[in-house]
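Heads up: the structure comes next, in structure tokens.
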Amino acid sequence: MDTAADITAMRRAITLAARGLGSTSPNPVVGCVILDAAGRQAGEGFHQRAGGPHAEIHALRAAGERARGGTAYVTLEPCNHTGRTGPCAQALIEAGVARVVYAVGDPNPQATGGADTLRAAGVKAEQGLLADEAEAGNVAWLTSVRLGRPYVLWKYAATLDGRIAAADATSRWITSPESRADVHRLRAEADAVVVGSGTARADDPQLGVRGIEGAVQPLRVVVDTGATTVRPGARVLDDTAPTLIAVADGADARHLPEGAVLRLPRAVTGPGLDIPALLTALYGRGIRSVLLEGGPTLAGTFVAAGTVDKVVGYLAPVLLGAGPAALADAGISTIADALRLDVTETVRIGPDLRITAVPGPA
Ligand code: AOF
Ligand code: ZN
167 MDTAADITAM
177 RRAITLAARG
187 LGSTSPNPVV
197 GCVILDAAGR
207 QAGEGFHQRA
217 GGPHAEIHAL
227 RAAGERARGG
237 TAYVTLEPCN
247 HTGRTGPCAQ
257 ALIEAGVARV
267 VYAVGDPNPQ
277 ATGGADTLRA
287 AGVKAEQGLL
297 ADEAEAGNVA
307 WLTSVRLGRP
317 YVLWKYAATL
327 DGRIAAADAT
337 SRWITSPESR
347 ADVHRLRAEA
357 DAVVVGSGTA
367 RADDPQLGVR
377 GIEGAVQPLR
387 VVVDTGATTV
397 RPGARVLDDT
407 APTLIAVADG
417 ADARHLPEGA
427 VLRLPRAVTG
437 PGLDIPALLT
447 ALYGRGIRSV
457 LLEGGPTLAG
467 TFVAAGTVDK
477 VVGYLAPVLL
487 GAGPAALADA
497 GISTIADALR
507 LDVTETVRIG
517 PDLRITAVPG
527 PA
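Under my numbering, the first residue of the sequence shown is numbered 167, with each subsequent residue one higher.
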């Protein structure tokens with residue numbers, strides 16, 4: 167039976183885990199709270215960066231001897247493997263913890279099995295407390311490990327009538343400074359920011375995180391299928407963060423820095439690159455979450471490939487009546503095939519509205 171103290175401790179662990187968002191990749195965000203045998207807080211910690219100690223180790227160090235006979239609350243099943251660090255299940259056993267409550271099982275085949283190891287050593291191990299909240303807090307990592315590709319968040323900014331530019335292509339600035347600052351928070355939480363060649367050509371974007379202290383700069387990815395858009399001197403090639411230019415096999419990319427070129431097959435049907443192949447290649451480079459920032463053509467190919475996990479739309483109270491839509495052809499030609507979403511959040515951001523939605527159950 168979970169008590170009020172159990173719930174409070176797990177909720178604290180989930181809050182702690184969120185502090186790692188944006189800096190733990192390719193590892194998960196994890197938080198841990200340890201209560202002593204009398205139920206008093208003895209230690210807490212969270213995973214800060216890949217290669218560093220896991221959340222449980224930080225919490226065990228803080229608790230010291232007070233962990234003996236106590237309970238550890240962890241947002242993810244303690245690991246069972248020796249990877250960059252030692253197995254947390256073993257560390258919890260050696261510290262004499264009597265009970266381990268974890269929210270979500272570990273889908274990583276290399277690390278799973280911690281609960282069985284704990285039980286074999288006589289430690290009570292219970293799964294599922296606040297599982298939905300813990301899952302939501304770690305959704306990018308959990309989804310990506312389950313699917314073997316990065317979690318994809320598509321973000322767009324548009325007028326209330328869904329346009330991202332006027333008929334003459336002018337677009338600065340449709341949404342407010344507050345919304346634009348909010349986008350930097352999304353970038354800071356993503357491992358990679360992806361744009362298409364149209365956006366690269368129109369905006370010459372730098373794609374870095376600005377205005378957020380301590381933020382890890384995401385990998386910048388431009389999908390430039392024919393290698394005809396990104397030229398030496400483009401802002402996306404500056405030295406503030408790594409960059410990949412994804413081009414088709416066989417494209418002439420000699421003008422680009424060799425290390426920045428990612429060669430991929432073309433899409434099996436339609437124009438552009440094979441999006442699943444792009445995502446698999448990024449996953450192989452440790453990317454667990456992608457912020458897809460446009461433009462409409464690239465977003466359409468991601469939607470067509472079924473690889474958009476979350477949509478965040480910033481809608482400005484502005485009407486244009488003409489101009490390109492936020493999303494171009496996604497291979498949907500009849501209403502029965504529409505991609506239907508569930509709205510999970512609506513928030514006012516300055517004068518704008520931010521709507522978050524996820525694909526509904528198929
Ligand atoms: C973390 N932090 O707090 C927990 C993790 O590469 P390693 O050795 O650090 O192992 C990473 C795996 O360990 C990770 O993919 C996950 O399955 C498990 N648990 N990882 O980075 C933590 N508890
Ligand atoms: Zn661990």
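For glycine and all other residues, C-beta sits at the position ideal for the given N, C-alpha and C. Here the structure is a predicted model, which is why all the values come from computation and not from measurement.
- Residue 272 has its Cβ nearer than 7 Å to a heavy atom of the ligand AOF.
- By the Cβ neighbour-count rule, residue 513 is exposed, with fewer than 16 other Cβ atoms within 10 Å of its own.
- Nearest to residue 269 by C-alpha distance, out of 337, 383, 239, is 239.
- When C-alpha distances from residue 339 are compared across 177, 518, 209, the shortest belongs to 518.
- For the ligand ZN, residues qualifying as neighbours are 220, 245, 254, where qualification means a beta carbon closer than 5 Å to at least one of its heavy atoms (chain order).
- As summarised for the region 334 to 387, the continuous beta strand (DSSP E) elements at least 3 residues long and confined to that stretch are 358 to 362, given in chain order.
- Not a single heavy atom of the ligand AOF lies less than 7 Å from the C-beta of residue 450.
- Separation of residue 359 and residue 255 (C-alpha to C-alpha, rounded to the nearest whole angstrom) is 35 Å.
- The Cβ-Cβ distance between residue 272 and residue 232 does not fall below 8 Å.
- Residue 190 has its CB nearer than 7 Å to a heavy atom of the ligand AOF.
- Per the Cβ contact rule, the region 317 to 325 is not in contact with the region 206 to 219 (fewer than 3 Cβ pairs under 8 Å).
- A distance of 8 Å or more separates the beta carbons of residue 508 and residue 491.
- Within the same chain, Cβ atoms closer than 8 Å to the Cβ of residue 330 are found at 322, 323, 324, 337, 340, 460, 461, 462, 489, 490, 491, 492, the five residues on either side in sequence being excluded.
- Segment contact: the region 272 to 281 against the region 243 to 252, three or more CB-CB distances shorter than 8 Å; contact assigned.
- Around the C-beta of residue 194, 16 or more other C-beta atoms lie within 10 Å, and the residue is accordingly described as buried.
- DSSP places residue 227 in the helix class (H, G or I) of the three-state scheme.
- With a cut-off of 8 Å on Cβ pairs, the region 292 to 300 is not in contact with the region 430 to 439, counting fewer than three such pairs.
- Judged by DSSP secondary structure, residue 310 falls outside any beta strand (DSSP E) and instead within the alpha helix (DSSP H) spanning 305 to 313.
- DSSP, read as helix, strand or coil, puts residue 222 in helix.
- If you draw a 10 Å sphere on the C-beta of residue 499, you find fewer than 16 other C-beta atoms in it, and that means exposed.
- Inside the region 423 to 498, DSSP marks whole alpha helix (DSSP H) runs of 4 or more residues at positions 441 to 450, 462 to 470, from first to last along the chain.
- Residue environment for residue 260: exposed (fewer than 16 other C-beta atoms within 10 angstroms of its C-beta).
- Looking at 438, 179, 186, the one whose alpha-carbon comes closest to that of residue 241 is 179.
- Relative to the ligand AOF, even the nearest heavy atom lies 7 Å or more away from the CB of residue 283.
- Ranked by Cα distance from residue 376, the options 477, 406, 229, 516 are led by 406.
- The three-state reading of DSSP puts residue 251 in coil, since its state is none of H, G, I, E or B.
- Closest in C-alpha terms to residue 496, from the list 175, 464, 181, comes 464.
- Residue burial is scored here from C-beta neighbours: residue 168 has fewer than 16 other C-beta atoms within 10 angstroms and is therefore classed as exposed.
- The beta carbon of residue 480 sits closer than 6 Å to the beta carbons of 323, 341, 345, 518, 520 from its chain, once the five residues preceding and following it are set aside; these are given in chain order.
- Per DSSP, the unbroken beta strand (DSSP E) holding residue 291 starts and ends at 290 to 293.
- Residue state for residue 412 is assigned as strand, using DSSP reduced to three classes.
- Judged by beta-carbon spacing, residue 183 lies beyond the 8 Å limit of residue 362, meaning their Cβ atoms are not closer than that value.
- For the options 251, 516, 220, 174, the alpha carbon positioned closest to that of residue 343 is the one of 516.
- Taking C-beta separations shorter than 8 Å and ignoring five residues to either side along the sequence, the partners of residue 314 in its chain run 446, 449, following chain order.
- Here DSSP, grouped into helix, strand and coil, assigns residue 200 to strand.
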